[in-house]
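Scroll down for the structure; my scribbles are underneath it.
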Amino acid sequence: MTILINQFIIFLMKEKLKKLPWIFLIAFALNLIWELSQMFLYVDMSDFPICCIKATFWDAVMISAVYLLMSRANPVTISVLMFLIAVFIEKRAMIEGRWIYTEAMPLLFGLGLSPLMQLPVTTLLTFHFAKKFSNRIR
Numbered sequence: 013m014t015i016l017i018n019q020f021i022i023f024l025m026k027e028k029l030k031k032l033p034w035i036f037l038i039a040f041a042l043n044l045i046w047e048l049s050q051m052f053l054y055v056d057m058s059d060f061p062i063c064c065i066k067a068t069f070w071d072a073v074m075i076s077a078v079y080l081l082m083s084r085a086n087p088v089t090i091s092v093l094m095f096l097i098a099v100f101i102e103k104r105a106m107i108e109g110r111w112i113y114t115e116a117m118p119l120l121f122g123l124g125l126s127p128l129m130q131l132p133v134t135t136l137l138t139f140h141f142a143k144k145f146s147n148r149i150r
């Protein structure tokens with residue numbers, strides 16, 4: 013029985029690893045669009061291209077990791093986890109003074125609403141598109 017369970021786990025991981033590059037690319041594209049669309053909500057983003065690409069890369073890495081570890085979890089659980097990660101990232105960035113919001117940024121407890129919603133929304137969209145196009149991803 014243990015051998016059968018191990019074989020099943022190996023099979024699931026192989027299937028996930030096949031899809032991982034596509035998950036990363038979908039997540040990267042969605043997060044890049046989000047990053048570019050919210051840039052007007054930040055003050056003086058003179059290093060905007062570098063900052064944007066870096067943030068997009070790490071968002072895609074986090075979403076890929078969540079896919080590997082939690083893709084079968086309840087979407088609400090995934091959303092809450094990604095929201096909490098976003099809170100941590102934003103809180104740390106505000107403490108370190110990495111960016112400042114413009115007046116146009118809607119706030120939730122002093123943190124920007126757009127960046128707080130980004131990871132939960134783009135994660136769920138990534139999983140949705142990956143599932144929708146899973147026949148093509150194989």
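For reference, each letter of the sequence shown is one residue, going 13 to 150 in our numbering. In this text, a Cβ means the ideal position worked out from N, Cα and C, and glycines have one as well.
Thinking C-alpha only, which one of the options is nearest residue i?
{"i": "N219", "options": "I75, V99, L53", "result": "With the chain running from 13 to 150 in the structure shown, residue 219 is simply not present."}
{"i": "M82", "options": "A105, L32, F100, T14", "result": "L32"}
{"i": "M94", "options": "Y113, I62, R104, L128", "result": "L128"}
Apart from the five residues just before and just after residue i, which ones in its own chain have a Cβ nearer than 8 Å to its Cβ?
{"i": "T68", "result": "F40, N43, L44, E47"}
{"i": "V73", "result": "F36"}
Note the first and the last residue of the continuous alpha helix (DSSP H) segment covering residue i.
{"i": "T134", "result": "125-144"}
{"i": "R110", "result": "Segment: none, R110 is in no alpha helix (DSSP H) and carries neither H nor E."}
{"i": "V78", "result": "60-82"}
State the Cα-Cα distance for the pair residue i and residue j, rounded to the nearest angstrom.
{"i": "T135", "j": "S91", "result": "8 Å"}
{"i": "V88", "j": "Y54", "result": "29 Å"}
{"i": "K103", "j": "T14", "result": "44 Å"}
For residue i, which residues in the same chain have their Cβ closer than 6 Å to its Cβ, ignoring the five residues on either side in sequence?
{"i": "Q130", "result": "W46"}
Tell me, to the nearest whole angstrom, how far the beta carbon of residue i is from that of residue j; I am working on the premise that it is less than 8 Å.
{"i": "F145", "j": "Y79", "result": "So it is not a contact: roughly 14 Å between Cβ atoms."}
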